[in-house]
Amino acid sequence: MPTYRLHYFPESGNSYKLALMLTLCGQRFEPIWTDFGGGVTRTLEWRKAVNEMGEIPVLEEDGVRFTQTAPILLKLAERYRQFGGKTAEQKFELLRWLFWDNHKLTGYMATYRYLRAFTPSADPHVLAHFRKRFDDFLSILEQHLERQAFAIGDQPSIADISMMAYLHYPADETGYDFATSHPAVSAWLGRMAKLPGWKSAYDLLPGKRLKHYAREADSI
Ligand SMILES: N[C@@H](CCC(=O)N[C@@H](CS)C(=O)NCC(=O)O)C(=O)O
């Protein structure tokens, strides 16, 4: 079995996707905290040595580095025969939701949350734009989860792991109280949190945290 090392920072939902998948598959990994807030991933040295794309997470398997959570999740699902879907239709659905998540759900929430919670003076017009787009994506997910328990049917898959990552953070970071605003999403997050071995990102990914700027007065 490979030895895993995960380059991450605790607030990174993308890192959490891999940490959660490994954990749910009963695997351990060595956490390599990365100074994202200090800008290390923007340096030429880090990009040359760790990830040319300048992104966290990076998963090392026996010293070989891999990036991009979607293909990594697919590889892990195949290796551990878990969360990968069974039929050709399910595998297609899984890819469909993974692509949608990377582009829309994760793409917008990651940026919205980062600006809202972890930068000192986000432009309110930019925040409003991201929130409007994200509200639309959330309503798509809400309607989908009103019809079925998990992304591709009645069993959890890596599409759920990918999509839940950024939604499970505290409301003072995401700016949403899903129990009130999106009950089907909230119930689905609850189902995911009941999977054997499930842990939250801040329980799985230790280390120095980014400064939190979201003000109490900010609306949720
Ligand atoms: N599609 C990538 C997204 C990775 C990503 O955007 N990571 C963030 C941190 S969670 C990052 O490093 N962003 C740097 C940037 O956007 O410049 C994946 O799934 O791994």
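If you use the numbering used here, the sequence shown corresponds to residues 502 to 721, in order.
Built from N, CA and C at the ideal position, the CB exists for glycine as well.
Q. Does any heavy atom of ligand 1 sit closer than 8 angstroms to the C-beta of residue 533?
A. Residue 533: no, Cβ never under 8 angstroms from ligand 1.
**Q.** Bridge partner(s) assigned by DSSP for residue 507
**A.** Beta-bridge pairing links residue 507 to 532, 560.
Q. Does the count of Cβ pairs from the stretch 505-519 and the stretch 552-570 closer than 8 angstroms reach three?
A. They touch, by the three-pair rule.
Q) Would you say residue 504 touches ligand 1, meaning its beta carbon is less than 8 angstroms from a heavy atom? A) Ligand 1 never approaches residue 504 closely enough for any of its heavy atoms to be under 8 angstroms from the residue's Cβ.
Q: Have a look at the DSSP bridge pairing and note the partners of residue 568.
A: Looking at the DSSP output, residue 568 shares a beta bridge with 559.
Q) Given a threshold of 16 other Cβ atoms within 10 Å of its Cβ, counted over all protein chains shown, does residue 554 qualify as buried or as exposed? A) With fewer than 16 other Cβ atoms from the protein chains shown falling within 10 Å of its own Cβ, residue 554 counts as exposed.
Q. Regarding residue 542 and ligand 1, is the C-beta to nearest heavy atom distance less than 8 angstroms?
A. Within the cutoff, so yes.
Q. Taking contact to mean at least 3 C-beta pairs separated by less than 8 angstroms, is the stretch 628-648 in contact with the stretch 566-579?
A. No, they do not touch.
**Q.** Check: residue 518 C-beta below 8 angstroms from any heavy atom of ligand 1
**A.** It does: the Cβ of residue 518 is within 8 angstroms (strictly closer) of some heavy atom of ligand 1.
Q. With which residues is residue 654 paired in a DSSP beta bridge?
A. For residue 654, which the question treats as bridged, DSSP gives the partners 651.
**Q.** Element boundaries [alpha helix (DSSP H), containing residue 538]
**A.** Looking at the DSSP string, residue 538 is not in any alpha helix (DSSP H), and its letter there is neither H nor E.
Q. Should residue 540 be labelled buried (16 or more other beta-carbon atoms within 10 Å of its own) or exposed?
A. Exposed.
Q.
Using a 10 Å radius around the Cβ and a threshold of 16 neighbouring Cβ atoms, would you call residue 518 buried or exposed?
A. With 16 or more other CB atoms across the displayed protein chains lying within 10 angstroms of its CB, residue 518 is buried.
Q: Could you tell me whether any Cβ in chain D is nearer than 9 angstroms to the Cβ of residue 661?
A: Going by chain labels, chain D is absent from the structure shown, which holds only one protein chain.
Q: Please classify residue 515: is it buried, with 16 or more other beta-carbons within 10 angstroms of its beta-carbon, or exposed?
A: Taking a 10 Å sphere around the C-beta of residue 515, we find 16 or more other C-beta atoms and assign the residue as buried.
**Q.** Whole-Å CB distance - residue 670 paired with residue 702, under 8 angstroms assumed
**A.** That belief holds up - the Cβ atoms of residue 670 and residue 702 are roughly 7 angstroms apart, short of 8 angstroms.
Q | Range of the contiguous alpha helix (DSSP H) that encloses residue 690 | A | Residues 684-694.
**Q.** Close beta carbons around residue 659, own chain, < 6 angstroms, minus the five adjacent residues each side
**A.** 574, 578, 584.
Q) Are residue 697 and residue 521 close, meaning C-beta to C-beta below 9 angstroms? A) Result no, Cβ atoms of residue 697 and residue 521 do not sit closer than 9 angstroms.
Q) By DSSP, does residue 578 sit in helix, in strand, or in coil? A) For residue 578, the three-state secondary structure derived from DSSP is helix.
Q.
Using a Cβ-Cβ cutoff of less than 8 angstroms, which residues in the same chain neighbour residue 628 once the five nearest sequence positions on both sides are dropped?
A. Spatial neighbours of residue 628 in its own chain (CB-CB distance under 8 angstroms, excluding positions within 5 residues in sequence) are listed in chain order as 613, 616, 617.
(Q) Quick check: does the Cβ of residue 578 come within less than 8 angstroms of any heavy atom belonging to ligand 1? (A) Distances from the CB of residue 578 to the heavy atoms of ligand 1 are all 8 angstroms or more.
Q: Take residue 547 and list the residues in its own chain whose beta-carbon comes closer than 7 angstroms to its own, dropping the five residues that flank it on each side.
A: Shown here for residue 547: same chain residues with a beta carbon closer than 7 angstroms to its own, the five before and five after excluded, namely 541 in chain order.
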